[in-house]
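Read through the structure below, which is laid out as structure tokens, and then see the notes.
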Amino acid sequence: AQFRDYHTEKFSGQGDPRIVDEWIQGLEFIFEVMECPDRYRVVCAQLQLTGDARLWWNAYWSMRPGEKVGCTWDMFKELVHDKYYPSYYRAEMERQFLALQQGTRTVDEYEREFTRLAGFAPDLVRTEAQRAQRFIDGLYPAVRHNIVGHGTQTYARAVSIAQEVDASIRREAVRDRAQPSTPAQPFAAPPTLPAPQPAKEKKRKAKGAQTDRRTRQRQQPIPPCPTCGRLHRGEC
Numbered sequence: 001a002q003f004r005d006y007h008t009e010k011f012s013g014q015g016d017p018r019i020v021d022e023w024i025q026g027l028e029f030i031f032e033v034m035e036c037p038d039r040y041r042v043v044c045a046q047l048q049l050t051g052d053a054r055l056w057w058n059a060y061w062s063m064r065p066g067e068k069v070g071c072t073w074d075m076f077k078e079l080v081h082d083k084y085y086p087s088y089y090r091a092e093m094e095r096q097f098l099a100l101q102q103g104t105r106t107v108d109e110y111e112r113e114f115t116r117l118a119g120f121a122p123d124l125v126r127t128e129a130q131r132a133q134r135f136i137d138g139l140y141p142a143v144r145h146n147i148v149g150h151g152t153q154t155y156a157r158a159v160s161i162a163q164e165v166d167a168s169i170r171r172e173a174v175r176d177r178a179q180p181s182t183p184a185q186p187f188a189a190p191p192t193l194p195a196p197q198p199a200k201e202k203k204r205k206a207k208g209a210q211t212d213r214r215t216r217q218r219q220q221p222i223p224p225c226p227t228c229g230r231l232h233r234g235e236c
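Numbering (full-length UniProt numbering), first residue to last: 1 to 236.
Rendered as structure tokens:
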């Protein structure tokens, strides 16, 4: 009767595989509060199975008559995990945990995702130091460098420092965006060359015309002189 007073959730075996872990963790929390002995935990947990999960549970033990009485709480969790929390899914979640980076997230968002995925890779975060280092390694570089400068940290302290640094960086970025940018200098056109003076231009054209006339004259054949019969220009 005491267990039912907690109104624990039912489990049907449908939906996101992560629900399995959340459901079992919820049961374990209640069992700890109740100080429930191991031998009663399986009895209480199977009362929460419904739908497909209950059909599977009954079918499993119907093929193993007499063995159900020896089922421990650890065995129950293993059976449910193997059925509804497949190894390929856990491996994928572990891969995501190993690749997890803060990226554009806030530290709070990153920490929530870190905590969620860390449950899929318990061997990688068994100690406080391992958990803290994994968390620090995935932080945005500017945030991570500030934490490294503080020396060895506990996980809670690393999260606290990261939150402070991240908030400071974001406030500074907002201020920078709010400041008006320096106006661009007007474009200065290159100076133009002065136009040639009219007198000089006329003189240059006249000189060119004279040169052209002399050139044409030299190219034309010289006619014989009517007086002396020789080839020359001008009067004889």
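Even for Gly, the Cβ is constructed at its ideal location relative to N, Cα and C.
Just so it is clear, the structure is predicted and the values come from calculations on it, not from any experiment.
Straight-line gap, residue i to residue j (C-alpha atoms, nearest Å)
i, j, result
"arginine 134", "glutamine 102", "12 Å"
"tyrosine 60", "histidine 145", "53 Å"
"aspartate 16", "threonine 106", "26 Å"
"glutamine 153", "tryptophan 73", "36 Å"
"proline 37", "glutamate 9", "20 Å"
"lysine 83", "aspartate 123", "22 Å"
"aspartate 108", "alanine 162", "9 Å"
"valine 69", "isoleucine 24", "20 Å"
"alanine 129", "tyrosine 155", "7 Å"
"arginine 39", "arginine 64", "19 Å"
"serine 160", "glycine 66", "53 Å"
"leucine 79", "cysteine 71", "10 Å"
"phenylalanine 31", "histidine 81", "19 Å"
"arginine 90", "isoleucine 147", "31 Å"
"threonine 127", "isoleucine 136", "14 Å"
"leucine 179", "serine 87", "Reading off the sequence shown, one finds glutamine at residue 179, where the question assumed leucine. One C-alpha to the other measures close to 53 Å."
"arginine 170", "glutamate 92", "32 Å"
"leucine 55", "serine 62", "11 Å"
"residue 239", "leucine 98", "Residue numbering for the chain in the displayed model covers 1 to 236; residue 239 lies beyond these limits and cannot be assessed."
Three-state secondary structure assigned by DSSP to residue i
i, result
"phenylalanine 120", "coil"
"leucine 100", "coil"
"leucine 139", "coil"
"proline 191", "The predicted position of proline 191 is uncertain, since its pLDDT is 43 and thus under 50; no value can be drawn from it."
"leucine 47", "coil"
Same chain only: Cβ atoms within 7 Å of residue i, ignoring 5 sequence neighbours per side
i, result
"leucine 100", "Glu113, Phe114, Leu117 and Gly138"
"glutamine 46", "Trp57"
"tyrosine 85", "Pro17, Val20 and Asp21"
"serine 12", "Thr50, Gly51, Asp52 and Ala53"
"proline 196", "Only weak support exists for where proline 196 lies, its pLDDT of 48 falling under 50; the value from the coordinates is given anyway. Here the set comprises nothing."
"glutamine 96", "Leu117"
Nonlocal neighbours in the same chain, by C-beta distance under 6 Å from residue i, ignoring five residues either side
i, result
"glutamate 94", "Phe120 and Ala121"
"leucine 27", "Ala45"
"valine 143", "Ala162, Val165 and Asp166"
"glutamate 111", "Val159"
Spatial neighbours of residue i in its chain, beta-carbon cut-off 8 Å, leaving aside the 5 residues before and after
i, result
"phenylalanine 76", "Arg41, Val42, Ala45 and Gln46"
"glutamine 2", "Met34"
"serine 168", "none"
"arginine 131", "Ala118, Val125 and Tyr155"
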